[in-house]
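From first to last, the protein sequence lines stand for chains D and F.
When the count follows our numbering, it moves up by one through the first sequence with no breaks and lands on 1078 for the last residue.
When the count follows our numbering, it moves up by one through the second sequence with no breaks and lands on 576 for the last residue.
We put the beta carbon where it would ideally sit given N, CA and C, even for glycine.
This structure is a prediction, so every number in the text was calculated from the model and none was measured.
To start, the structure itself, in structure tokens.
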Amino acid sequence: MEKQEFTITAYTENHVGLLHRITIIFTKRKINIESLTTSESETEGIHRFTIAVTETEELVQKVVKQIEKQVEVLKAGYYKKKEVVQQELALYKIPTDSLTNGLEVERIVREHNARFLTIEKDFVVIEKAGYRRETKALFDELEPYGINEFVRSGRIAVAREAFGLGKEVEKLLAGVS
Amino acid sequence: MGTVEAPEQTSKSKASNTERLTGAEAVVRILLEEGVDLAFGYPGGAIMPVYDAMYDFQDQLHHVLARHEQGASHAAQGYARASGKVGVCLATSGPGATNLITGLADAQIDSTPIVCITGQVPSALLGSDAFQETDVIGISMPVTKWNYQVTKAEEIPDALAKAFYIARSGRPGPVLIDITKDAQFQEFDFEYKKCTFVRSYIEKPALDITKVEEAAELINTAKRPYVLFGQGVILAQAEKEFKDFIEKTGIPAAWTIMGLSALETDHPLNVGMLGMHGNYGPNLLTNECDVLIAIGMRFDDRVTGNLSKYAKQARVIHLEIDPAEIDKNVKTDVAVLGDAKESLTELIKLVKPNSHEEWLQRFRDCDKQEWEKVIDEELHPKTDILSMGEVIRIINDKTGGDHILVTDVGQHQMVACRYTKFTRSKSNITSGGLGTMGFGLPAALGAALGKPDRTVITVVGDGGFQMTLQELATIYQTKAKVKVLLLNNEFLGMVRQWQQLFFDKRYSSTEMINPDFQTIAKGFYIPTNKVTERDKLESAIEEFVNHDGAYFLEVMVGKENNVFPMVPSGSGVAEIRLE
């Protein structure tokens, strides 16, 4: 089976240690987590993990079952690349000087649909949301002007359907209360 | 020792059903509420308040002082496996907690319900590398079903209620609750309610009747159906439903080592043991059945051998409580998720009465070959050298198969499990998944205290026995009637067997120059005997079984005997070797 990009989503309680409990499932099988994001979900009090991996589907299925088996996990599932709408957020810090020598940087920022978050005396911070290739493209164009600092968030993704797993989580919560 | 935090609540008006207790007192009261009358453990600095609170309840909550925390954890396992109740063990922080890890890992892989309570350094010192501080939550996470650190006394009731519920429900497993010392001292308004559900946790999947129908259809049309049963039958208390099912359908049934004793060994449809050292027919015919019905078992690699050569011709039905086990190792055609008792109850209604005499005869033919090549010689050796099998045969004769067998890990474990006769369920206690040497003696102590009305015999080898033999002191102190049978071959026998067969007889670090085990047992004030010759064996075993109390019997067996049949590592089940 071919390895491919998957997004694993888990709806969980927001408890200390659960992050570790979930990541050791990957460690045990020597699977590299490419990115991992936790946040609130659409349901109050329910947390959400978004984990990006490149693996075979068979292994991802097994891992998802192990995640869902954890006591504090309500529901887990996985999506192929085309089954999600996904984004990453990138921040680029460049010297303010690069703005004062012509309009080039402003043009690049505009063309990439990025924006200035802050302009300070010494540096500016540019923000860009998009696919990996898009944040990378902006990086490549800004690089000649000197990037003092760069950071990219983990992948966040929602299912490409009216409702994702959250609907099942709601049913689960309604059923027991 | 740090300062004690002031109680958070002061003079608030109390609800009528609460009372003011310390965290430590609450722990003890909760154990009593959960029906715990016996706990295993070892005190130390960070758990002292709980031990102090137990002092006032000695008549209701008996504490067994193990001689090592690992022993306490295995004893709790043995107690749980024999009694069907949750085993409890206590330990202090740091080394006390880390010594529990092997027991937790064993309980995790063998689905044994235990609750471990560890003391922790005061919450203000967490992360400061305080004396005897260790991150037991982090360390135990991969080997627990759930764990939780308590830093405030008022968390104790909920945490422990959840711990007991999670440990025993669904697919059981170990839970660890770590309680900081300040939380043990802190006073709070105590109120306890048992836990019956956790919103994020599905105890057991709801039975899907269409899956049961699909399974029944496959079974009703099968020509050579074959049942594999595991511990799930025992954990679901589904022994009767299981027997009804195979008797109605006439399907031959083979057991995993964890399923052993769920069905009496003499049952005409019990065709024997699966796996690496299992019986010939059950392994060979796995690759000839047309429908394979796995009940409460998880297709461990020791059962399946090489998966690419495992039951490829068969349609597979899997009755299983844990969804993560479906398709984990063997692809399933029909997965019946749920508790084995409920699933079997529904399945019995839909299957047709049948018999498979010709198919069953195939197993009997295989048995005949195995008898001639292996079993006869093992049970009735023609040489002067004593065999492990003949010792087990005589024990069967003396107990009538009514005893609880607790084994350690290695050759003696395989021989004891292969040849012991069982008439009652929950009678085989062994470290199946983890293969923990040193498990046997402390687990037998736990079993004997959990089922004081039954004869508990632990069969150990000279290797594993030396890993936890200090628990003889606990046996002496508790007067537990544990009968210890040491099958001494002066080798780490199973490793030596592999060295002989697969490593050119290069016996690297497997020969044991042993101490005098007789003197050791005597040092622990346990009656003892040693047999080196056959003519003394039967009377010695008679004395061993009938003695009212703990007893230590050492039998010198063949140094280089091997356990056969064997499915060599990496081979398919049909490549099982009889010699």
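First and last residue of the alpha helix (DSSP H) that includes Ser566/F?
Position 569 of the second sequence, counted from the first residue, corresponds to residue 566/F. Segment: none, Ser566/F is in no alpha helix (DSSP H) and carries neither H nor E.
Which whole runs of the alpha helix (DSSP H) in the segment 937 to 965 of chain D are 4 residues long or more, in chain order?
none
Indicate whether the contact test is met: 3 or more Cβ pairs, each with one atom in the segment 233 to 247 of chain F and one in the segment 343 to 354 of chain F, closer than 8 angstroms.
yes
Under 8 angstroms between C-beta atoms, does Leu920/D make it to chain F?
By 1-based counting over the first sequence, the position of residue 920/D is 19. It does not: the Cβ of Leu920/D has no partner Cβ on chain F nearer than 8 angstroms.
What are the partner residues of Gly116/F, as DSSP defines its beta bridges?
To locate residue 116/F, count along the second sequence from 1; it is residue 119. Answer by DSSP bridge pairing, in chain order: Ile176/F.
In this structure, how does DSSP classify Ser1012/D when only helix, strand and coil are distinguished?
One-based indexing of the first sequence puts residue 1012/D at position 111. The residue you asked about is not Ser; residue 1012/D is Glu in the sequence shown. Here Glu1012/D sits in helix by DSSP.
Restricting to runs no shorter than 3 residues, where is the beta strand (DSSP E) found entirely within the segment 107 to 163 of chain F?
111 to 117 and 143 to 147
By Cβ distance below 8 angstroms, which residues in the same chain neighbour Ile995/D in space, the five residues on each side in sequence not counted?
To locate residue 995/D, count along the first sequence from 1; it is residue 94. Result list for Ile995/D: Val1006, Phe1024, Val1025, Ile1027, Leu1043, Tyr1046, Gly1047, Ile1048 and Asn1049, in chain order.
Three-state secondary structure assigned by DSSP to Pro279/F:
Translated into the one-based positions of the second sequence, residue 279/F becomes position 282. Three-state result, Pro279/F: helix.
Which residues does DSSP list as the beta-bridge partners of Phe1024/D?
Taking the first sequence and counting its residues from 1, the one referred to as residue 1024/D is at position 123. According to DSSP, which records beta bridges pairwise, Phe1024/D is partnered with Pro996/D.
What residues from the segment 306 to 336 of chain F come within 9 angstroms of chain D, judged by C-beta to C-beta, listed N to C?
Asp319, Pro320, Ala321, Glu322, Ile323, Asp324 and Lys325
Pairwise C-alpha distance: Leu101/F and Glu22/F
Translated into positions along the second sequence, residue 22/F becomes position 25. Translated into positions along the second sequence, residue 101/F becomes position 104. Cα to Cα, the separation comes out at about 25 angstroms.
In this structure, how does DSSP classify Tyr52/F when only helix, strand and coil are distinguished?
Within the second sequence, residue 52/F is the residue found at index 55, counting from 1. It is helical.
How should Leu575/F be labelled, buried or exposed, when 16 other C-beta atoms within 10 angstroms of its C-beta is the threshold for buried?
What you label residue 575/F is simply residue 578 of the second sequence in a count that begins at 1. Looking at its Cβ environment, which holds fewer than 16 other Cβ atoms inside 10 Å, Leu575/F is exposed.
Give every residue of the same chain whose Cβ lies closer than 8 angstroms to the Cβ of Lys309/F, excluding the five residues on either side of it in the sequence, and list them in chain order.
For this step, residue 309/F is matched to residue 312 along the second sequence. Excluding residues within five positions, the ones whose Cβ falls inside 8 angstroms are Asn284.
For chain D, is any of its Cβ atoms less than 8 angstroms away from the one on Ser137/F?
Your numbering for residue 137/F matches position 140 in the second sequence. No, Ser137/F does not count as interfacial toward chain D.
For Gly578/F, the first and last residue of its enclosing alpha helix (DSSP H)
Coverage of chain F is limited to positions -2 through 576, which leaves residue 578/F absent and any answer about it impossible.
Members of the segment 966 to 992 of chain D near chain F, C-beta cut-off 7 angstroms:
Lys966, Gln967, Lys970, Val972, Glu973, Val974 and Leu975
I want to verify the contact list: residues of chain D whose CB lies under 8 angstroms from the CB of Lys142/F, in sequence order.
Within the second sequence, the letter at position 145 stands for residue 142/F. Val972, listed in chain order.
Contact the segment 437 to 444 of chain F vs the segment 250 to 263 of chain F: 3+ CB pairs below 8 angstroms
no
Nearest to Lys478/F (by Cα), restricted to the options Thr427/F, Asp459/F and His544/F:
The residue labelled residue 478/F in the question sits at position 481 within the second sequence. Nearest C-alpha to Lys478/F: His544/F.
In the DSSP output, which residue or residues are listed as bridge partners for Met270/F?
Taking the first residue of the second sequence as position 1, residue 270/F is located at position 273. Beta-bridge pairing links Met270/F to Trp252/F.
Expressed to the nearest angstrom, what Euclidean distance is found between the alpha-carbon atoms of Ser10/F and Pro154/F?
Against the second sequence, residue 10/F aligns to sequence position 13. Against the second sequence, residue 154/F aligns to sequence position 157. Note that Ser10/F has pLDDT 44, beneath the 50 cutoff, so the model's placement of it is unreliable and the number below is only indicative. Roughly 20 angstroms separates the two Cα atoms.
At least one CB of chain F closer than 8 angstroms to the CB of Lys1072/D: is that the case?
As a working note, residue 1072/D is residue 171 in the first sequence. By this cut-off, Lys1072/D is not an interface position.
Residue-chain proximity (Glu914/D, chain F), Cβ-Cβ < 8 angstroms
Stepping through the first sequence from its first residue, residue 914/D is reached at position 13. Yes, contact with chain F.
In chain order, what residues of the segment 194 to 207 of chain F put their CB closer than 7 angstroms to some CB of chain A?
Although the question refers to chain A, the structure presented lacks it and instead comprises the protein chains D and F.
Alpha-carbon spacing of Asp589/F relative to Cys86/F, whole angstroms
Because chain F in this structure spans residues -2 to 576, residue 589/F falls outside the shown range and cannot be described.
Would you mind telling me which residues of chain F sit closer than 8 angstroms to Lys1022/D, beta carbon to beta carbon, in chain order?
To locate residue 1022/D, count along the first sequence from 1; it is residue 121. In chain order: nothing, as chain F lies at least about 39 angstroms away.
Where Ala3/F sits in the DSSP three-state scheme
As a first step, residue 3/F is located in the second sequence; it is residue number 6 there, counting from the start. The pLDDT assigned to Ala3/F is 43, lower than 50, so where the model puts this residue is not dependable, and the model offers no usable value.
Alpha carbon to alpha carbon, how far is Lys220/F from Pro92/F?
For the purposes of this step, residue 220/F is taken as the residue at position 223 of the second sequence. For the purposes of this step, residue 92/F is taken as the residue at position 95 of the second sequence. Roughly 56 angstroms between the two C-alpha positions.
Quick one: is Asn1014/D buried, meaning 16 or more other Cβ sit within 10 Å of its Cβ, or exposed?
In the first sequence, residue 1014/D corresponds to position 113, counting from 1. Exposed, because fewer than 16 other Cβ atoms sit within 10 Å of the Cβ of Asn1014/D.
Taking beta-carbon pairs under 7 angstroms, can you tell me which members of the segment 922 to 939 of chain D lie near chain F?
Arg922, Ile925 and Lys929
Report yes or no: is there a C-beta of chain D within less than 8 angstroms of the C-beta of Leu466/F?
Here residue 466/F corresponds to residue number 469 of the second sequence, with the count starting at 1. False, the Cβ-Cβ gap to chain D never drops below 8 angstroms.
Look at the Cβ atom of Asn260/F, then the Cβ atom of Phe239/F, and state whether they are nearer than 8 angstroms.
Start at 1 with the first residue of the second sequence, and residue 260/F comes out as number 263. Start at 1 with the first residue of the second sequence, and residue 239/F comes out as number 242. As written in the sequence, residue 260/F is Leu, which differs from the Asn given in the question. Yes, the Cβ-Cβ distance between Leu260/F and Phe239/F is below 8 angstroms.
Listing by chain order, which chain F residues have their CB less than 7 angstroms from the CB of Lys1068/D?
Counted from its first residue, the first sequence places residue 1068/D at position 167. Correct list: empty, because the minimum Cβ distance to chain F is about 16 angstroms.
Given that Ile134/F touches chain D, what residues does it touch there, using C-beta distances under 9 angstroms?
Within the second sequence, numbered from 1, the residue matching residue 134/F stands at position 137. Under the 9 angstroms cutoff, chain D gives Val917, Gly918 and His921.
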